[in-house]
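Residue numbers (this note's numbering), protein chains in the order written: chain G, 4 to 141; chain H, 3 to 212. For every residue, glycine included, the Cβ atom is placed at its ideal position computed from N, Cα and C. Just so we're clear, the structure is a prediction, and the values are computed from it rather than from any experiment.
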Amino acid sequence: MALMPKRVKHRKSQRGRIRGDASRGNRVVFGDFGLQAEQPGWLAAATIEAGRIAAQQYLRTEGRLFVRVFPHKSITSIPLETRMGKGKGEPEFWAAVIKPGAILYEIGGVTEDAARICLARLAHKMPLRVRFVKRRVM
Amino acid sequence: MSDSVEVKLRKETGTRASRKLRREGLVPAVLYGHGEKCVDLVATRDAVQAAVRHGSRIVELKGAVKTGALIRELQWDTFGVEPVHVDFLRVSATDRVKVKVPVDLKGECPGQRNGGVVSLILHEIELECRADAVPEKIHAAVGKLQLGGTIKVHDLELPAGAKALVDGDDAVVTCTVPVEKGEEAAAGGAEPELIGRKPTEEGEAEAEKS
């Protein structure tokens with residue numbers, strides 16, 4: 004079952020524009036290493052889950068993985084070969100709105116080498132340009 | 003070990019002036035403490051980054067101001083790559099300062115060999131210690147941490163004269179059995195529940211009646 008909110012006020016949302024950089028959620032907080040977005044975009048629930056599985060399969064029982072994003076936005080689409088008009092389409096999937104600088108995943112309890120390999124595997128699943136970051140002390 | 007940072011006095015303050023400095027490879031800074039006047043400074047980005055890289059919490063300011071200072075706060079850009087602003091606090095070697103020091107795991111945990119997962123819960127610990135004896139890291143020895151065991155704050159070996167400012171019973175490191183997360187239940191439906199839908203329908207019905 005893909006990630007989605009339990010309760011929402013409205014089923015459909017407008018597309019919106021992603022402006023500016025992430026001013027929150029842009030630091031490694033829970034783990035020791037993280038994957039930071041360098042581009043804005045939407046991260047579908049299925050993509051977040053694919054990344055989680057890719058990382059978890061590498062980590063197995065070692066370390067801990069933290070998913071820092073959640074798909075709050077419903078994305079609608081109209082079926083193929085449908086005439087224009089007749090209202091907005093139905094929700095197709097849920098996505099997280101990502102601003103540049105946002106930390107997508109974090110890993111703790113593993114060595115830096117292992118974290119780099121793990122997050123590199125995970126990065127292949129991402130539709131955005133991402134980079135490896137470490138927890139900062141000061 | 004303390005790094006030295008060359009500073010100059012800063013006459014212009016505010017967003018535009020600060021942005022101009024940052025474009026020139028400088029970092030706006032401020033120096034305060036010891037009941038003296040607050041001074042606006044500017045330091046080179048390379049010097050600040052070098053101090054951070056070396057893990058120096060206490061630096062020696064040179065140039066326009068000559069004093070020992072604690073890096074009290076460091077602001078970073080969105081990506082955490084370049085420092086945006088530095089707060090220096092005037093300190094002398096005998097002052098007692100409050101600093102957050104990272105916790106580092108030392109040794110190999112025997113509980114890990116038995117299938118446990120070592121979790122570092124408290125990543126940094128707030129200490130009160132002499133300014134000339136701020137440790138770079140606090141080592142948590144996990145060499146004897148068995149499965150199901152916990153290292154608490156009072157178990158940590160702190161440097162002489164240092165005092166932890168957090169509760170001694172707070173857990174720092176634990177070794178627990180990993181929880182296998184099964185596939186999430188498909189229950190819950192394909193769509194989330196709508197908040198406040200019923201009152202809206204009733205309202206519409208009432209509106210229709212009237």
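Cβ of I197 (chain H) within 7 Å of any chain G Cβ: yes
Residues within the region 27–56 of chain G neighbouring chain H, beta-carbon criterion of under 8 Å: Listed in sequence order: N29, R30, D35, Q39, E41.
For L83 (chain G), which option in G:E95, G:V72, G:P74 has the closest C-alpha, if you only look at C-alpha atoms? Taking each of G:E95, G:V72, G:P74 in turn and checking the Cα distance to L83 (chain G), the smallest one comes out for G:E95.
Out of H:Q51, H:D42, H:R92, which one is the CA nearest neighbour of G35 (chain H)? Here the closest residue by C-alpha is H:R92.
Pairwise C-alpha distance: E62 (chain H) and D5 (chain H): 6 Å
Close Cβ partners of D172 (chain H) (< 7 Å) along its chain, the five nearest in sequence each way excluded: Apart from the 5 residues on each side of it in sequence, D172 (chain H) sits with its Cβ closer than 7 Å to the Cβ of L124, K154, V155 in its chain, given in chain order.
Distance between R59 (chain H) and L33 (chain H) (C-alpha atoms, nearest Å): 14 Å
Taking the beta strand (DSSP E) that G54 (chain G) falls in, what are its first and last residues? Counting along the chain, G54 (chain G) sits inside no beta strand (DSSP E); it lies in the alpha helix (DSSP H) bounded by residues 48–62.
Please report how far the alpha carbon of S94 (chain H) lies from the alpha carbon of A58 (chain G), in whole angstroms. 48 Å
Here's the rule: buried if 16 or more other CB atoms are within 10 angstroms of the residue's CB, otherwise exposed. What is R27 (chain G)? exposed
So does the region 102–122 of chain H actually touch the region 61–69 of chain G, counting three or more Cβ pairs closer than 8 Å? yes
Amino acids of chain G, ordered along the chain, whose beta-carbon sits closer than 7 Å to that of V54 (chain H): M141
What ranges does the beta strand (DSSP E) occupy inside the region 28–109 of chain H, keeping only unbroken runs of at least 3 residues that lie completely in it? 28–35, 38–46, 60–65, 69–78, 85–92, 98–108
Can you tell me whether V2 (chain H) is helix, strand or coil according to DSSP? For residue 2 (chain H) there is no data in the structure shown, the boundaries of chain H being 3 and 212.
C-alpha gap between R119 (chain G) and K146 (chain H), whole angstroms: Looking at the two C-alpha atoms, the distance is approximately 28 Å.
Short of 8 Å Cβ to Cβ, which residues in the region 95–112 of chain G face chain H? P103, G104, G111, G112
Using the Cα positions of F90 (chain H) and L131 (chain G), report the straight-line distance between them to the nearest angstrom. 37 Å
According to DSSP, is P112 (chain H) helix, strand or coil? helix
Boundaries of the beta strand (DSSP E) in which I120 (chain G) is found, first to last residue: No beta strand (DSSP E) holds I120 (chain G); the alpha helix (DSSP H) holding it covers 115–126.
Taking P103 (chain G) and A48 (chain G) to be in contact with their CB atoms under 8 Å, please state how far apart those CB atoms are, rounded to whole angstroms. Their Cβ separation, rounded to whole angstroms, is 21 Å, which puts P103 (chain G) and A48 (chain G) out of contact at 8 Å.
7 Å Cβ cut-off: residues of chain H touching M7 (chain G): P194
Could you tell me which of H:G170, H:V86, H:Q77, H:D134 sits nearest to R25 (chain H), measuring between CA atoms? H:V86
For a quick check, are the C-beta atoms of A105 (chain G) and A53 (chain G) less than 7 Å apart? Contact: no.
Does R20 (chain G) get closer than 7 Å to chain H when you measure Cβ to Cβ? no
Neighbour flag for V120 (chain H) against chain G, beta carbons, 7 Å: yes
By Cβ distance, which residues of its chain are closer than 7 Å to H115 (chain G), with the 5 residues on each side in sequence left out? A small correction: the amino acid at residue 115 (chain G) is Glu; His does not occupy that position in the sequence shown. Counting only Cβ-Cβ distances below 7 Å, and skipping sequence neighbours, we find F36.
Assuming H127 (chain G) and A99 (chain G) are in contact, meaning their beta carbons sit under 8 Å apart, how far apart are those beta carbons, in whole angstroms? 18 Å between Cβ atoms; not a contact.
So which residues on chain G does L76 (chain H) lean against when the C-beta distance must stay under 8 Å? M141
Exposure of R74 (chain H), with buried meaning 16 or more beta-carbon neighbours within 10 Å: Burial call: buried.
Between which residues of its own chain and M141 (chain G) is the CB-CB distance below 6 Å, once the five residues before and five after are set aside? none
Can you list the residues of chain G that I127 (chain H) reaches, using a CB-CB cut of under 8 Å? Chain order gives no chain G residues near I127 (chain H), where near means a beta carbon separation below 8 Å; the closest approach is about 12 Å.
Contacting positions in the region 79–102 of chain H - beta carbon closer than 7 Å to chain C: The structure shown contains no chain C; its protein chains are G and H.
A143 (chain H) and G170 (chain H): beta carbons closer than 7 Å? No, the pair does not count as a contact, with Cβ atoms beyond the cut-off.
Mind checking the region 57–87 of chain G against chain H and listing, in chain order, the residues whose C-beta falls within less than 8 Å of any C-beta there? If the cut-off is 8 Å between Cβ atoms, the region 57–87 of chain G has T64, E65, G66, R67 near chain H.
Residues, ordered as in the chain, of the region 143–174 of chain H that lie near chain G by beta-carbon distance below 8 Å: none
Where DSSP assigns a beta bridge to R24 (chain H), which residues make up the other side? R24 (chain H) is not bridged to any residue.
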